[in-house]
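Trainee: For the sequence shown, the tail end lands on 664 under the numbering used here, and the numbers increase by one without skipping. The beta carbon of each residue, even a glycine, is placed where N, CA and C say it ideally should be.
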Amino acid sequence: MAPRSVATTVAGASEEFPLFTSTFHCADTKLDTMSTDQGLSPGLLREAFIALSPGTVILTAVIGLTVLFLADSLRSWYHLSHIPGPFWAGFSKAWMVRQSLKGTQPYAIQAANEKYGSLVRIGPNELATDDPKLLRRMMASRSPYSRGPWYNALRFEPGKDNLFSMRDDDAHAKLRNKMAAGYSGKENESLERTIDAHIARLIDLIETKYLSTSREYRPADFAQKIQYFTLDVISDLAFGQPFGYVDQDDDVFDFIKITRSFFPVTLVIANIPSLVSLLHSRLFRGLLPKESDKFGFGAFIGVANKKVAERFAPNAIQHSDMLGSFIRHGLTQEEASRESLLNVVAGSDTSATTIRVIMLSLLSNPMAYRNLQKEIDDAIKAGKISSPVTDAEARKLPYLQAAIQEGLRIKAPAAGPLFKTVPEQGDTIDGKFIPGGTQIGTSPFSIYHSKKIFGNDAALFVPERWLEAEPEQVEGMSEVVNLVFSSGKYQCLGKPVALMELNKIFVELLRRFDFAMARPERPLHIMNAGIWLIEDFPVRISRRDNGPDA
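This is the structure in structure tokens:
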């Protein structure tokens, strides 16, 4: 067979592909010596590639990458194409990232549920559900579901998991068992006294600096002061001593300022686990916070590590507090540092969120405000409440408990998707097969604002729904609201602490003070970053001269 050059081979295509003809012509001499049945040697291919113009190489690369991207996008779209959702969400993470950047992700997922159904597609490999039963099944103790790559973004340091970011269920269960006793009153004997002490400090701050009278108005930022309170409580429980936010009436260590930037960024990158892996790689981890930093989140990590190190010192005195319990149950110094830091970061914001939301809801609903204050007053007069109120006494106040349930429901403190991974064998949900490896997240507003569960006024703060409903309905509503603390193997260990704070704070504040919004037309600023970032909530606080404790 006569040799045939590549230039000759492609010549017939020169009219439609002139670029190809001119490109290969310069390599014609070498390639003419090759026969088609001999094939092309690597050396000749290398020379042919070198002969290509830079523009052609770039164009070819762009075309190739585009084809690969489109093929991958179509493959990603196809494997969940039977689940409805926003069109572009099936092709890329852009839809999720955009909602995160706007601080509207839970609202957008709720809208998608309302439009497309209970199980909705919100990403190439991500679904969201508004079914409480499915959530409980995914989080059950023996569930084959596990935490998804979304949780990798919640590591404070690359490669080092905390209880919340940990995805290995066995390791998670072992660590959880070591920590559980520290959150109860059995090993943490000072739990209730610690909360009482910090409520007293908050009351003293209000009486000293923020009481308004008929002659003088002293505005107080309720959002700020309440976070000072929750930060002091959790830092005291976590490290054995408070950071002193209320006493200094200041953002100690700039923690609040730091988290206002930390959480939004974390939620955005959590949507893209590959980006998290890149940032945590050796190449980029130097850009991340580290304990040697003088400012920012890294500096706060350093503070936490120093506090814990003091408790692990050879001559350290052991205490019957949360950190002491961690140490007694075998947590290493490094583990204790990470978990204590997690308590402060996660525990202070979520508790503060619910207190703020309940107070805003009470101030927006004068009847609810009066009903709660009257219940507290009547209990004091009847001798059913001591000073300070005990957790057990507060649990017996029905309107207070109803208001707490409504506050948790109206704005679930942790409103991120919290994706779980479908087991390898896949699962069938609502009659539809879901492939293994798919990520299924929660739709908090769709669940906690469900008209089917909570009634047609589900979007409103109505404590009476808990007092007027039949016992079976109350039980069903309670089961759903309890999901704000997760359930099963992932149930929040800090739940007893959070509920104790909620039980006490409103009794102690409303028995002494009257509150009013200082700016009713725009009461506060709120945005979602996985948790709710609430700030700028000015209130007018006055002493109750006719209250039962007056």
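In three-state terms, what does DSSP make of A632?
Mentor: DSSP places A632 in coil when its eight states are reduced to three.
Trainee: Is D541 helix, strand or coil by DSSP?
Mentor: Strand, per DSSP.
Trainee: Check whether the stretch 506-525 touches the stretch 448-463, counting contact only when three or more Cβ pairs, one atom from each stretch, lie closer than 8 Å.
Mentor: The stretch 506-525 vs the stretch 448-463: no contact.
Trainee: Is the stretch 427-435 touching the stretch 600-607, taking contact as three or more C-beta pairs under 8 Å?
Mentor: Taking 8 Å as the limit for Cβ pairs, the verdict is that the stretch 600-607 does not touch the stretch 427-435.
Trainee: Could you name the residues that DSSP lists as bridge partners for E271?
Mentor: E271 is bridged to K274.
Trainee: Applying the criterion that 16 or more other CB atoms from any shown protein chain within 10 Å of the CB defines a buried residue, is D492 buried or exposed?
Mentor: With fewer than 16 Cβ atoms within 10 Å of its Cβ, D492 is classed as exposed.
Trainee: Decide if the stretch 417-431 is in contact with the stretch 227-234; the criterion is three or more beta carbon pairs, one per stretch, under 8 Å apart.
Mentor: They do not touch, by the three-pair rule.
Trainee: Excluding the 5 residues flanking P512 on each side, which residues of the same chain have their C-beta closer than 7 Å to its C-beta?
Mentor: Closer than 7 Å at Cβ, skipping near neighbours: L581.
Trainee: Closer than 6 Å by C-beta to P333: which residues in its own chain qualify, once you throw out the five before and the five after it? Chain order, please.
Mentor: Correct list, in chain order: A632 and P652.
Trainee: Inspect the beta-carbon positions of Y331 and I655 and report whether they are closer than 7 Å.
Mentor: The answer is no: Cβ separation not under 7 Å.
Trainee: Using 10 angstroms around the beta-carbon of I172, count the other beta-carbons present and answer buried if the total reaches 16, otherwise exposed.
Mentor: Exposed.
Trainee: Just checking, does the stretch 617-634 make contact with the stretch 477-490 on the three C-beta pairs under 8 Å criterion?
Mentor: Output reads yes: the stretch 477-490 touches the stretch 617-634.
Trainee: Does N227 pass the burial test, meaning 16 or more other C-beta atoms within 10 Å, or should it be called exposed?
Mentor: When all chains shown are included, N227 counts as buried.
Trainee: Is it true that the CB of Y297 sits closer than 7 Å to the CB of L613?
Mentor: In this structure, Y297 does not lie closer than 7 Å to L613 by Cβ.
Trainee: Look up H193 in the DSSP assignment and say whether it is helix, strand or coil.
Mentor: It is helical.
Trainee: Decide if I648 is buried, meaning its Cβ has at least 16 other Cβ atoms within 10 Å, or exposed.
Mentor: Counting Cβ neighbours within 10 Å, I648 comes out buried, since at least 16 surround it.
Trainee: Between D346 and F357, how many whole angstroms is the CB-CB distance? I'm expecting something under 8 Å.
Mentor: The Cβ separation is near 6 Å, so the contact holds.
Trainee: Classify H196: buried if its beta carbon has 16 or more other beta carbons within 10 angstroms, exposed otherwise.
Mentor: H196 should be labelled exposed.
Trainee: Would S391 pass as an interface residue toward chain C - the criterion being a Cβ-Cβ separation below 7 Å?
Mentor: No chain C appears in the structure shown, which is made up of a single protein chain.
Trainee: Throw me the rounded Cβ distance for the F575 and A482 pair, which I believe falls under 8 Å.
Mentor: Sure, about 7 Å apart at Cβ, within 8 Å.
Trainee: Scan the stretch 209-248 and note each continuous beta strand (DSSP E) run of 3 residues or more that stays entirely inside, going in chain order.
Mentor: Complete beta strand (DSSP E) runs here, min 3: 233-235 and 240-243.
Trainee: Can you tell me where the alpha helix (DSSP H) with W580 in it begins and where it stops?
Mentor: Note, W580: alpha helix (DSSP H), E578 to E582.
Trainee: Which same chain residues end up closer than 8 Å to T467 when comparing Cβ atoms and leaving out the 5 residues on each side of it in sequence?
Mentor: Cβ neighbours of T467 beyond the five flanking positions: K525, P527, I645, W646 and I648.
Trainee: Using a threshold of 7 Å, state whether the C-beta atoms of S454 and F367 are closer than that.
Mentor: No, they are not a contact pair.
Trainee: Would you call the stretch 215-222 and the stretch 566-575 touching, i.e. three or more CB-CB distances under 8 Å?
Mentor: In short, these stretches do not touch, since the Cβ pair count stays below three.
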